[in-house]
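In my numbering, the protein residues as written are 294 to 698.
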């Protein structure tokens, strides 16, 4: 990928993504050698070290995916350095060499450490302290756990059964709350990039977290039954729109960080992570007949399927049966109001009675428009609305006006 040169951390992300999809790792020996590297050189021969908590965590997970045994010296060294870098006061991990505890770094470390065993360390106690920190920050509404990317990381982490057991009963509450917040963000179509700044040695660095990928992954892992909800489906469509599909592109298949963003390795691997969770859920819950039914419903192929109507900024879902009931209620209400206006035109006066009649027929006109829009899905909703209101204005209102004159 063009965003960064080949390096241990980004390569480790790719290894984990391909392993989750049960794909073969190409050039496995060279990949493993790169993942084991603590330092590489830039093109200008400047050293580039990969000993931060997130770097070590991803490399440790990648070596596990590459089936390197836990007794391997590099695995033991990486695990020991990760445990040693845990903040003794909070139980979390820093993003760089200094600063505050990072949610993303802490989540990465926990996910890596539960894959290995170090005889000289109490690994479970170390992980339990870190999980307890995440739960406490979430329940206290700490600003570090407030961004959507942080909630998505926590919801995804606590969907892992071994990690959830470390957190006890509070873990389930935090997972549900975090998942609900992430789902609300998807519902409001919040797909932005959230930044996290940290200090790595003497360099200030920035992580750009893709909330769309992280949110979809969190929901798919933590609440797989919710992937059929409209908010999730719209988010998934938005994610697929970020993929490069031009055949002549050198980045064919890659994902952008946003519509205006660049194609990057981390955005692509996170998208693959979403698909790996979806694949597992869909395999268990969806058969071909249900897939066909969902496609037909989404396209509104028949008037009995739910049609999506845009009413201002809101979306209204309705089929022809509901539309006919609504039109019947609207017409009955309008005729009742009109009849009362005609019957009591004396006390109301001409202006009052005519105004009430006009108001009475706005309701059936609106209900009729909605019914025809869902009953005739192949016609333009705008054109139907114009015809209905033109008909009411040109035909019905003059007749009522004449009756009241």
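Just so you know, even glycine gets a beta-carbon here, dropped at the ideal spot from N, CA and C.
#1: Would you give the residue range spanned by the beta strand (DSSP E) that residue 607 belongs to?
#2: In its own chain, which residues sit with a C-beta less than 6 Å from the C-beta of residue 307, not counting the 5 before and 5 after it?
#3: Can you give me the C-alpha to C-alpha distance between residue 524 and residue 441, rounded to a whole angstrom?
#4: Express the C-alpha separation of residue 376 and residue 348 in angstroms, rounding to a whole number.
#5: Touching or not, the stretch 380-387 and the stretch 317-332, by the rule of three or more beta carbon pairs under 8 Å?
#6: Tell me which residue opens and which closes the alpha helix (DSSP H) that residue 351 is part of.
#7: Pull up the DSSP beta-bridge partners for residue 342, would you.
#8: What residues in its chain sit with their C-beta under 7 Å from that of residue 420, if we drop five residues either side in the sequence?
#9: Inspect the CB distances between the stretch 663-671 and the stretch 628-637 and report whether three or more fall short of 8 Å.
#10: Could you give the DSSP three-state label for residue 490: helix, strand or coil?
#11: At which residue ranges does the stretch 496-542 contain complete alpha helix (DSSP H) runs of 4 or more residues, listed in the order of the chain?
#12: What span of residues does the beta strand (DSSP E) with residue 602 cover, start to end?
#13: For residue 410, which residues from the same chain have a beta carbon less than 8 Å from its beta carbon, with the 5 sequence-adjacent residues on both sides left out?
#14: Since residue 314 and residue 565 are thought to touch, with beta carbons under 8 Å apart, how far apart are those beta carbons, to the nearest angstrom?
#15: Quick one: what does DSSP say residue 549 is sitting in, helix, strand or coil?
#16: Here's the rule I'm using: 16 or more other beta-carbon atoms within 10 Å means buried, otherwise exposed. How should residue 558 be labelled?
#17: Can you list, in chain order, the residues of its chain with a C-beta nearer than 6 Å to that of residue 302? Leave out the 5 residues immediately preceding and following it.
#18: Along the chain, where does the alpha helix (DSSP H) containing residue 682 start, and where does it finish?
#19: Would you check if the stretch 417-437 and the stretch 473-488 touch, i.e. whether three or more CB-CB distances between them fall below 8 Å?
#20: Within a Cβ cutoff of 7 Å, which residues of the same chain sit near residue 681, ignoring the five residues on either side of it in sequence?
#21: Counting along the chain, where does the alpha helix (DSSP H) carrying residue 465 start and finish?
#22: Work out the CA separation of residue 298 and residue 336 for me, nearest whole Å.
#23: Can you tell me which of 556, 317, 433, 436 puts its alpha carbon nearest to the alpha carbon of residue 547?
#24: Considering only DSSP beta bridges, list what residue 557 is partnered with.
#25: Given a threshold of 16 other Cβ atoms within 10 Å of its Cβ, counted over all protein chains shown, does residue 327 qualify as buried or as exposed?
#26: Quick one: what's residue 387 bridged to in DSSP?
Judging by the given coordinates:
#1: Looking at the DSSP string, the run of the beta strand (DSSP E) that includes residue 607 is 607-611.
#2: 562
#3: 15 Å
#4: 13 Å
#5: no
#6: 346-358
#7: Note: residue 342 sits in a beta bridge opposite 332.
#8: 403, 406, 407, 459
#9: no
#10: strand
#11: 504-515, 523-533
#12: It spans 600-604 - the beta strand (DSSP E) in which residue 602 sits, taken as one unbroken run.
#13: 363, 416
#14: About 6 Å; that satisfies the 8 Å criterion.
#15: strand
#16: buried
#17: 343, 348, 351
#18: 674-684
#19: no
#20: 658, 661, 662, 665
#21: Per DSSP, residue 465 is one residue of the alpha helix (DSSP H) stretching across 462-480.
#22: In a straight line, the C-alpha of residue 336 is about 9 Å away from that of residue 298.
#23: 556
#24: 548
#25: Label assigned to residue 327: buried.
#26: 394
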